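> Every letter in the sequence shown is one number past the one before it in our numbering, and letter 59, counting from 1, is 507.
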Amino acid sequence: QVQLVESGGGLVQAGGSLRLSCAASGFIFSINTMGWYRQAPGKQRELVAVITSGGNTNYADSVKGRFTISRDNAKNTVSLQMLSLKPEDTAVYYCYSHNHRDDLHYWGQGTQVTVSS
449 QVQLVESGGG
459 LVQAGGSLRL
469 SCAASGFIFS
479 INTMGWYRQA
489 PGKQRELVAV
499 ITSGGNTNYA
509 DSVKGRFTIS
519 RDNAKNTVSL
529 QMLSLKPEDT
539 AVYYCYSHNH
549 RDDLHYWGQG
559 TQVTVSS
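1. Please report the distance separating the alpha-carbon of Ser473 from that of Val450.
2. From this set, Asn524, Arg549 and Leu533, which residue's C-alpha is nearest Thr562's C-alpha?
3. Look up His546 in the DSSP assignment and give the residues it is bridged to.
4. By Cβ distance, which residues of its chain are closer than 6 angstroms to Ser455, with the 5 residues on each side in sequence left out?
5. On the CB-based measure, 16 or more other CB atoms within 10 Å of its CB, does Ala539 come out buried or exposed?
6. Run the CB neighbour count on Ser527, radius 10 Å, all protein chains shown included, and call it buried at 16 or more, exposed below.
7. Buried or exposed: where does Asp509 fall if 16 or more other Cβ atoms within 10 Å of its Cβ makes it buried?
8. Within its chain, find whatever has a CB closer than 6 angstroms to the CB of Ser564; leave out the 5 residues flanking it on each side and keep chain order.
9. Is it true that the CB of Val511 sits closer than 8 angstroms to the CB of Ala497?
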């Protein structure tokens, strides 16, 4: 059974930082692309950052230079370090996994990040 379990969300003041983590199980973690998406109220879910099995990363323009995605294949975890948070970063953040070979997509249940001004 595939599971993606996020942790680390919460309430923080503008300019602060948070670190999100996602613990994965039920699939071969090391071969999947992993990522973080977010969805703010009334908006569509959007890509925040992804990291491939080879360690290549890609970020949304709005978070470049502030967020860093990383993965630990030994622990089956992916993390998102978020610095200099802004109120517009407020959203539910979802962990995401994509198996390219079988075109399988997995999602976590989401964790709330709220940035107060």
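Just so it is clear, CB atoms sit at the ideal spot from N, CA and C, and this is done for glycine as well. If you're wondering where the values come from, they're calculated on a predicted model, not measured in any experiment.
Short version:
1. Take the alpha-carbon of Ser473 and the one of Val450: they are about 6 angstroms apart.
2. Checked all of Asn524, Arg549 and Leu533; the closest Cα to Thr562 is Leu533.
3. Note: His546 sits in a beta bridge opposite Thr481 and His553.
4. Correct list, in chain order: Ser469.
5. Result: buried.
6. With 16 or more other Cβ atoms within 10 Å, it is buried.
7. Per the 10 Å Cβ criterion, exposed.
8. The residues Gln461, in chain order, have a CB closer than 6 angstroms to that of Ser564 in the same chain once the five nearest residues on each side in sequence are set aside.
9. Yes, these two residues count as a Cβ contact at 8 angstroms.
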